[in-house]
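Asks: Residue numbers (my numbering): 9 to 255.
The beta-carbon is built from N, C-alpha and C at its ideal position, and this holds for glycine as well.
First the structure, which I've put down as structure tokens, then a few questions once you've had a look.
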């Protein structure tokens, strides 16, 4: 799977208008970011967006367009920043902390109405645990992919990862080279491709457990606040330690 970059204001405008045209009361947006040292110390290269029921994954070229990704207006004078800050559209991430840190620090985007799939997984485990799962492990264990499909997904991710891993001869700047390598396109697309499936799996575990669902959402809100704090540090062992009070 590849998802060509959107690097024009017209392309951004089309995505906004497609999102606004949804007949759902609360259309979900599945999101991820790629960057060089993603967070306030680094830069944002690409914003990945999936808006069901469409299966098309959009890669917005933040490296080229910069703030125009967030300020370009649709025919209804709506910007992507408006959508990201709106309570009408739930925004779904897998571990939102560094992504939201980067959006706030570099583009003054303050997200509202967020869902963190990583917290959903942690909070709905049958047994107490100390460490959070990463996306790859969650997909391998919970997405419903067959073992061959999982290996194929992992292999595609590894090809992209090797291209920006300095330990394997790559460079983090590969995300900012244009035209974007097809392997990096696939790497970016696959990060959001299965988020709807994971959300459905973990949300099903919350049926009849309203208090737990509320606690998880409160923790997600605290992650949003934390990501905007002056002392937030998105690197280190603390990022993989589980959140107390959920499991």
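Helix, strand or coil for residue 124 per DSSP?
Replies: strand
Asks: Do you know offhand how far residue 248's Cα is from residue 135's?
Replies: 17 Å
Asks: Taking residue 55 as the reference, give the member of 207, 210, 176 and 89 with the closest Cα.
Replies: 89
Asks: Would the beta-carbon of residue 102 fall within 8 Å of that of residue 250?
Replies: The answer is no: Cβ separation not under 8 Å.
Asks: How many angstroms separate the CA atom of residue 121 from the CA atom of residue 95?
Replies: 5 Å
Asks: Is the region 102-119 touching the region 38-55 in the sense that three or more CB pairs, one from each, lie closer than 8 Å?
Replies: yes
Asks: Work out the CA separation of residue 80 and residue 18 for me, nearest whole Å.
Replies: 9 Å
Asks: Between the Cα of residue 161 and those of 148, 172, 171 and 170, spot the shortest distance and give me the residue it belongs to.
Replies: Answer by Cα proximity: 148.
Asks: Restricting to runs no shorter than 4 residues, where is the alpha helix (DSSP H) found entirely within the region 37-90?
Replies: DSSP runs (the alpha helix (DSSP H)) wholly in the region 37-90: 70-73 and 76-79.
Asks: Hey, quick one: how far does the alpha helix (DSSP H) through residue 172 stretch, first residue to last?
Replies: 155-172
Asks: Helix, strand or coil: how does DSSP classify residue 100 here?
Replies: strand
Asks: With DSSP run on the structure shown, which of helix, strand or coil describes residue 240?
Replies: coil
Asks: Find the nearest neighbour of residue 75 within the set 82, 221 and 87, judged by alpha-carbon distance.
Replies: 87
Asks: For the region 62-75 against the region 182-193, are there 3 or more C-beta pairs whose distance is under 8 Å?
Replies: Contact between the region 62-75 and the region 182-193 is present, because at least three Cβ pairs lie under 8 Å.
Asks: Less than 8 Å between the beta carbons of residue 150 and residue 40, yes or no?
Replies: Residue 40 is positioned such that its CB atom lies no closer than 8 Å to that of residue 150.
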